Every structure is written in C-alpha cells, then in structure tokens.
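One structure below.
There are 2 protein chains.
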Amino acid sequence: MTKYANLILEFINQSKEHMTAEQLFLELKKTEPRVVQATIYNNLNVLCQEGLIRRMSIEGSPDRYDTIQKHDHLVCNKCGALSDINFEDLTGKLESQLGEGILFYDLKVYYVCPKCRENKEEKT
Amino acid sequence: MTKYANLILEFINQSKEHMTAEQLFLELKKTEPRVVQATIYNNLNVLCQEGLIRRMSIEGSPDRYDTIQKHDHLVCNKCGALSDINFEDLTGKLESQLGEGILFYDLKVYYVCPKCRENKEEKT
DNA sequence: CTTTATTTTAGAATTATTCTAATTATAATA
DNA sequence: TATTATAATTAGAATAATTCTAAAATAAAG
C-alpha cells in the first residue's frame with residue numbers, strides 16, 4: 057500500500073461524508089500541498105479494484121466513494137443529499153433467488169429531504 | 057409533448073437496452089439525420105423531471121435511461137453489463153421503517169457475469 | 001551505491017454534459 | 001391568412017470529471 061492509497065483509505069473510512077475525488081483532493085492538499093488530482097484518481101481506482109472502498113454513482117453528482125461496510129443509502133431526489141440507513145440485509149434472499157455468485161448489492165431509497173420539502177412549501 | 061421527447065420516450069420504453077444519451081442519439085439520427093446531441097440531453101432531462109423515465113448512474117459508464125416500470129438490476133462488477141431482475145417489492149417494508157415519504161428505490165445487485173468469469177478462468 | 005520498478009507529478013487529452021445564442025417550428029391571436 | 005409570441009431545436013463553444021502520457025521522484029532489489 058502506497059502513501060496516498062493509505063491516506064485516502066483512511067479519509068474514506070473515517071469520515072461518513074461520501075466524498076468526491078475533488079473533496080478528497082482538497083482534504084489531502086492541506087497536509088500534502090504538492091498532491092495532484094491524478095494521484096487521487098489513480099489511487100481511488102486501485103482501492104476500488106482491491107475491493108477496499110466502493111465507488112458510488114449518484115445522479116447529477118460526480119462519483120463518490122464509500123466504505124465497504126454494509127449499509128444502504130437515502131437520497132434526496134431534489135438536491136441529492138445523501139445519508140446512511142440500515143435496512144434489513146437482503147443477501148440471503150437475493151442468493152436464494154439468483155444463486156451464489158453475488159458480490160454485494162446497492163440499495164438507494166429516494167425521497168425528498170426535509171430541507172427541499174420546506175423550500176417547495178415556501179414557493180406555493 | 058414534443059416530437060423528440062416522444063421519440064425518445066418510445067425508444068426507452070420499447071428497447072430493454074438501458075441506453076445512453078449517445079446511443080439514443082445514434083438511433084434517432086437514423087430517421088432524423090439533423091438531430092443533435094443537445095436535443096437528446098434536453099429532452100432526457102425534461103422526461104426525467106416529468107417522471108416519465110429514470111436516469112441510472114452506473115459506475116464507469118455514462119448515464120443510462122430506463123423505464124419507470126418497477127424492476128431491479130443485476131450488474132457485472134467487471135464489465136458493467138446490465139440486466140433486469142424482479143426481486144420482491146420492498147416498498148412496504150421501507151415505508152414501515154422510514155415513513156411515508158419514499159418516492160422510489162433502486163436496487164442493484166453486483167456479480168460477475170458468465171462472460172467475465174470465463175475470461176478469468178482462461179487467464180489462470 | 002546502481003539498477004530497476006513503482007508512484008507521483010504536470011499538464012494535455014478525452015468524454016460526457018451543459019450552456020448560449022441564433023434559427024426554426026409550433027401555437028395563439030388579430 | 002398574416003402576425004406575433006412561445007417554445008423547441010440546432011450549432012458549436014464551454015465546462016466538469018476523469019483519464020492518459022511522459023517526465024521526475026521515490027522506493028525496492030541486487
């Protein structure tokens with residue numbers, strides 16, 4: 057594991073922020089001012105391939121990166137705000153329907169977050 | 057509903073291909089040679105806002121567009137190949153855990169598709 | 001040390017998507 | 001129908017996210 061791969065992995069595991077590559081870049085730059093975006097992207101790709109982090113695509117936002125700890129997501133369909141939830145584990149049921157080959161799954165639940173609901177009411 | 061919005065909606069609903077904007081552009085160009093990408097993107101955005109189609113972000117691929125008919129997805133974690141599955145409906149359970157505000161949800165199950173499994177075996 | 005391999009940097013290149021302004025088509029009205 | 005207003009489409013530039021390439025720096029192996 058290289059220096060930056062380690063730093064990036066720590067950031068992703070410690071913060072519960074679902075950070076983008078750009079956010080990670082700005083964070084790392086605070087202590088490593090010479091770091092460059094390509095390094096972040098390279099290491100994020102390596103970490104994903106190694107299965108140490110997970111890339112998450114959210115509509116209307118650059119890719120985000122998350123721990124591999126099992127959890128689900130609640131996404132605001134207006135502003136994209138993202139939070140963690142823990143819904144029941146579906147692995148067993150999925151395997152009994154689809155067979156043993158499942159690696160993992162991704163469950164996103166879309167709603168309208170309190171902030172966006174307020175804003176809409178204001179407008180009417 | 058405008059001409060292109062209609063054509064695009066039909067394509068998305070008829071084909072089960074989870075098409076990208078670019079693929080739709082190439083399809084439409086066959087019969088409407090003067091069409092331009094911006095039109096596709098504009099109309100896709102409108103259709104998404106109207107709730108007539110759904111945008112899906114897949115890691116490592118441009119956005120794809122899908123019918124709003126309820127179904128889940130099986131995604132190959134190597135090549136990104138995408139297919140539809142019908143897992144049990146989770147809406148009830150999600151609502152009882154999270155409240156009534158749920159719009160919809162998105163379940164993607166990751167595995168390694170037969171083709172990619174073969175390729176790996178060949179290499180070893 | 002010296003050589004070799006790996007990682008990082010710098011910046012150009014690519015890809016997907018959005019934006020802006022001009023043009024065309026559609027609908028509404030006199 | 002001609003006139004005006006509105007909305008959709010085109011063309012192409014602009015932007016944003018990500019990847020690529022080659023050189024420089026660092027680490028590992030002999």
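Read top to bottom, the protein sequences are chains E and A. Quick note on numbering: the working numbering labels position 98 of the first sequence as 154, and the sequence is numbered without any gaps. Quick note on numbering: the working numbering labels position 16 of the second sequence as 72, and the sequence is numbered without any gaps. Ideal Cβ placement from N, Cα and C applies to all residues, glycine included. Given the structure is predicted, the values throughout are model-derived calculations rather than measurements.
Those residues which DSSP pairs with residue i across a bridge
| i | result |
| --- | --- |
| Thr76/A | Arg120/A |
| Tyr161/A | Val165/E |
| Ser152/E | Looking at the DSSP assignment, Ser152/E forms no beta bridge with any residue, so it has no partner. |
| Arg7/E | Not covered by the structure: residue 7/E. The range shown for chain E is 57 to 180. |
| His129/A | Asp140/A and Lys164/A |
Residue i - DSSP class collapsed to helix/strand/coil
| i | result |
| --- | --- |
| Ile96/A | helix |
| Val168/A | coil |
| Val91/E | coil |
| Thr147/A | helix |
| Lys86/A | helix |
| Lys59/E | helix |
| Cys135/A | coil |
| Glu174/E | helix |
| Glu66/A | helix |
| Ser71/A | coil |
| Lys179/E | Caution applies to Lys179/E, whose pLDDT of 41 falls short of 50 and renders its modelled position unreliable; the value that the coordinates give is listed next. Helix. |
Min CB distance residue i to chain E below 8 Å
| i | result |
| --- | --- |
| Gln153/A | yes |
| Val102/A | no |
| Tyr167/A | yes |
| Ile114/A | yes |
| Ser71/A | no |
is_contact[residue i, chain A] using C-beta, thresh 8 Å
| i | result |
| --- | --- |
| Lys164/E | yes |
| Leu150/E | yes |
| Arg111/E | yes |
| Phe160/E | yes |
Anticipated Cβ contact below 8 Å, residue i with residue j, distance rounded
| i | j | result |
| --- | --- | --- |
| Asp181/A | Ile109/A | Nothing can be reported for residue 181/A: it is not among the residues displayed for chain A, which extend from 57 to 180. |
| Ala61/E | Leu103/E | 6 Å |
| Lys84/E | Leu65/E | Checking the displayed sequence, the identity of residue 84/E turns out to be Leu instead of Lys. Not confirmed; about 12 Å, so no contact. |
| Ser113/E | Ser113/A | 3 Å |
| Asp128/A | Val165/A | 7 Å |
| Leu163/E | Asn133/A | With a Cβ gap of about 16 Å, Leu163/E and Asn133/A do not count as contacting. |
| Leu80/E | Phe67/E | 6 Å |
| Gly107/A | Ile124/A | 7 Å |
| Asp119/E | Thr76/E | 7 Å |
**Q.** Contact list for the stretch 129-145 of chain E against chain A, Cβ threshold 8 Å
**A.** Leu130, Asn133, Ile141, Phe143 and Glu144
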